[in-house]
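Undergrad: Heads up: the sequence shown at position 24 corresponds to 24 in the UniProt record's numbering, and the numbers run straight through without jumps.
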Amino acid sequence: MNEAELDRYSRQLLLPNFDIQGQLNLSQAKILVIGLGGLGNIAATYLATSGVGQLILADGDQLESSNLPRQVLYDENQIGVNKVDAAAKQIASKNALVQVETIAQNLTGECLLNAVERADVVLDCTDNFTARQAINRACMTGKKPLVSAAAIRWEGQLVSFLYGRESTPCYECLYPSLSDHQLSCNESGIVAPVVGLLGVYQALEALKLASGCGRVKHGVLRLFDGFEGSWREVRLTQDPECSACVIENNGTLENS
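1. Using a threshold of 9 angstroms, state whether the C-beta atoms of residue 280 and Leu47 are closer than that.
2. Since I believe Ala58 is in contact with Val84 (beta carbons under 8 angstroms), could you give me their beta-carbon distance rounded to a whole number of angstroms?
3. Return the bridge partner residues of Ser230 from the DSSP annotation.
4. List the DSSP bridge partners of Val33.
5. Could you tell me if Ala87 is buried or exposed, where buried requires 16 or more neighbouring beta carbons within 10 angstroms of its beta carbon?
6. Which class does Ser167 belong to by DSSP, given the choice of helix, strand or coil?
7. Check whether the segment 1 to 11 touches the segment 188 to 196, counting contact only when three or more Cβ pairs, one atom from each stretch, lie closer than 8 angstroms.
8. On the three-state DSSP scale, how would you describe Phe18?
9. Taking three-plus beta-carbon pairs below 8 angstroms as touching, is the segment 161 to 170 in contact with the segment 231 to 244?
10. Determine, using beta carbons only, whether Leu123 and Ala43 come nearer to each other than 9 angstroms.
11. What ranges does the alpha helix (DSSP H) occupy inside the segment 186 to 213, keeping only unbroken runs of at least 4 residues that lie completely in it?
12. If you draw a straight line from the alpha carbon of Val52 to that of Leu26, how long is it in whole angstroms?
13. Nearest by alpha-carbon distance to Leu24: which of Leu207, Ile152, Gly219 is it?
14. Can you look up Val116 in the DSSP assignment and give me helix, strand or coil?
15. Run through the segment 128 to 178 for me and flag every whole beta strand (DSSP E) of 3 or more residues, listed as ranges in chain order.
16. Alpha carbon to alpha carbon, what distance is there between Ala131 and Leu107?
17. For Gly164, I'd like the list of residues in its chain whose CB is within less than 8 angstroms of its CB, leaving aside the five on either flank, ordered along the chain.
18. Under 8 angstroms: do the segment 151 to 160 and the segment 223 to 236 share three or more Cβ pairs, one atom per stretch?
Structure, rendered in structure tokens:
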């Protein structure tokens, strides 16, 4: 690290369980952020300003005016621009040292598997169940840690899966079936700070994983009630009928 970097990240370097080694680990990490909406724009911002080495940003949507209350990384003059391009421009203005790769499409199939394979940590910041299922299975296949979050109305949730260390439970043990309509903020609404808070927590989990300087719990669901300002935790167990676990374990279920 040069003198400018030592000065820039000095507050993180003061942490005894982070120090220079944690910063070096972070600078060499590659983090995939899938979805650059309310969750992803916040998570990507904090990861970039904290000094992650490379970000892979994937989203097929363009910025709309209704996004701006929650997606504070963007400016009004970027309405109509692909979110990944808008995000890359804003991140470059905040930390030019971060390498940003953009994928201006919704990741599916082989493209999803390839992107996950190249990442050290994956953040699921999408807003539909179909995508979440596919990301979960790609991370299970690639043995990549997955940090997933969601927010709707006044509520949010966060859960991490360390698939390189633990095989079960998985995201589909939590949600074996759920319609995309049930997850839609377009229909149910969302309070902007709630989704921002969950994005910050995703960045924190990813930073701990990428730096190697913090404990991340596998399969512990954290539920946030923004109206009451309260958190609670639920430890997940494997669903014996989970199709994703059956596939991953070649037809036989394993107990965590």
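Every residue gets a Cβ at the ideal spot worked out from N, C-alpha and C, and that includes glycine. Just so we're clear, the structure is a prediction, and the values are computed from it rather than from any experiment.
TA: Taking the coordinates as given:
1. With the chain running from 1 to 256 in the structure shown, residue 280 is simply not present.
2. 7 angstroms
3. For Ser230, which the question treats as bridged, DSSP gives the partners Asp225.
4. Leu57, Leu123
5. buried
6. coil
7. no
8. Residue state, collapsed to three classes: coil.
9. yes
10. yes
11. 192 to 211
12. 5 angstroms
13. Leu207
14. Val116 carries a helical assignment under DSSP once its states are collapsed to helix, strand and coil.
15. 145 to 152, 155 to 162
16. 8 angstroms
17. Lys143, Lys144, Pro145
18. yes
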